Amino acid sequence: MSAHDKAPIVRAVAVGKRFGAFQALQGITVDIPVGEVLCVIGPSGSGKSTFLRCINQLETVTEGALWVGGELVGHRRVGNRLHALSDSEIARQRLKTGMVFQHFNLFPHMTVLENLIEGPLRVQRRARAQVIAEAQALLARVGLAHKSAAFAIELSGGQQQRVAIARALAMRPQLMLFDEPTSALDPELVGEVLSVMRDLASSGMTMLVVTHELGFAREVASRVMFMDHGQIVEIGAPDQVLLEPRHPRTREFIAAVR
Ligand code: ADP
Ligand code: MG
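If you want our numbering, it's the position in the sequence shown, counting the first as 1, plus 1471.
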């Protein structure tokens, strides 16, 4: 069975998001199958973060319908009616996704290992010994096994972002959302974070990555999606979108970023 035979991890059908009168997202229709790495590019203010935040329920969709991991986000269907979920049910749905932000948001007063085990122990109430073993394996995977006792502020930005990725993975998400994970880093630290993301992609993780790193997108993405003014302008194979964009707005954006 190929990945495409399974239900998509994300299904967005005509998703819109309004902030008052302002339409931040409009008519977003896309499926993200299991194992896909979808890179999202587009100018500042085009709605990239808002789309990720809707998937993670940091924002509520105002139009259309969004499914994550086979469940309608924020709602439950009972017969022909939709019921809004409670906060605790939303929190449970949110655990399907791990999110990595531009600013790493680690807990500064905790060690690296404590940062990783906090969620699995307190939120998921999993067994301590197993959580620690898994956290150590994840730190090894991001090349930071030797930093498990360090505090976040003792690490470089690149190391902190790798810890943030490991911390998100420690919750065993079905989907990883990355919102410009290297945009706040000094240029010499970008490569180590992209390398961890590349490994994660080859391990089969489903990933939605907002990035201006077009080289990474071309190499790692299954598809690239270009957004502008809250809409999907084009989506397709990396080489098609990045090298032979169909839409003039995509062409202009790519020329400007390079
Ligand atoms: P991007 O990530 O592509 O730079 P965003 O998704 O952050 O864009 O924002 C898309 C648009 O929605 C922007 O014009 C932004 O100002 C607006 N927006 C985002 N969040 C809010 C909010 N909470 N209230 C009002 N407007 C918002
Ligand atoms: Mg953004």
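The C-beta atom is built at its ideal place from N, Cα and C for all residues, glycine as well.
This structure is a prediction, so every number in the text was calculated from the model and none was measured.
{"Item": "Give me the Cα-Cα distance between Ile1526 and Leu1537, rounded to the nearest whole angstrom.", "Value": "7 Å"}
{"Item": "Residues around ligand 1, please: the ones whose beta-carbon is closer than 5 Å to some heavy atom of it, in chain order.", "Value": "Phe1490, Ala1495, Ser1515, Gly1516, Ser1517, Gly1518, Lys1519, Ser1520, Thr1521"}
{"Item": "Quick check: does the Cβ of Glu1684 come within less than 7 Å of any heavy atom belonging to ligand 2?", "Value": "no"}
{"Item": "Would you decide whether Thr1531 is buried or exposed? Buried here means 16 or more other CB atoms lie within 10 Å of its CB.", "Value": "exposed"}
{"Item": "Return the CA-CA distance between Ile1480 and Asp1558, expressed in angstroms with no decimal places.", "Value": "22 Å"}
{"Item": "Alpha carbons only, please: which of Gly1545, Ala1562, Gln1564 is nearest the one belonging to Leu1556?", "Value": "Gly1545"}
{"Item": "Give the C-beta separation of Phe1649 and Met1668 to the nearest angstrom, bearing in mind that I take them to be a contact with Cβ-Cβ under 8 Å.", "Value": "7 Å"}
{"Item": "To the nearest angstrom, how far is the alpha carbon of Pro1709 from that of Val1680?", "Value": "13 Å"}
{"Item": "Under a Cβ-count criterion, where at least 16 other Cβ atoms within 10 Å of its own Cβ denotes burial, should Ile1588 be classed as buried or exposed?", "Value": "buried"}
{"Item": "State yes or no: is the C-beta of Glu1651 nearer than 7 Å to some heavy atom of ligand 2?", "Value": "yes"}
{"Item": "What three-state label does DSSP hand Thr1521 in the structure shown?", "Value": "helix"}
{"Item": "Using a Cβ-Cβ cutoff of less than 6 Å, which residues in the same chain neighbour Leu1665 once the five nearest sequence positions on both sides are dropped?", "Value": "Phe1687"}
{"Item": "Count the other CB atoms within 10 Å of the CB of Ile1624; is the residue buried (16 or more) or exposed (fewer)?", "Value": "exposed"}
{"Item": "In the DSSP assignment, find the unbroken alpha helix (DSSP H) run with Leu1609 in it and report its ends.", "Value": "1599–1612"}
{"Item": "Could you pull the start and end residues of the alpha helix (DSSP H) that Arg1643 belongs to?", "Value": "Looking at the DSSP string, Arg1643 is not in any alpha helix (DSSP H), and its letter there is neither H nor E."}
{"Item": "Is the separation between the beta-carbon of Gln1564 and that of Glu1542 shorter than 8 Å?", "Value": "yes"}
{"Item": "According to DSSP, is Lys1488 helix, strand or coil?", "Value": "strand"}
{"Item": "Start and end of the beta strand (DSSP E) containing Ala1727?", "Value": "From DSSP, Ala1727 is part of no beta strand (DSSP E) but of the alpha helix (DSSP H) over 1719–1728."}
{"Item": "Following the continuous beta strand (DSSP E) through Leu1496, name the residue where it begins and the one where it ends.", "Value": "1493–1503"}
{"Item": "Classify Ser1515 as buried or exposed, calling it buried when 16 or more other Cβ atoms lie within 10 Å of its own Cβ.", "Value": "exposed"}
{"Item": "Helix, strand or coil: which one does DSSP assign to Arg1633?", "Value": "helix"}
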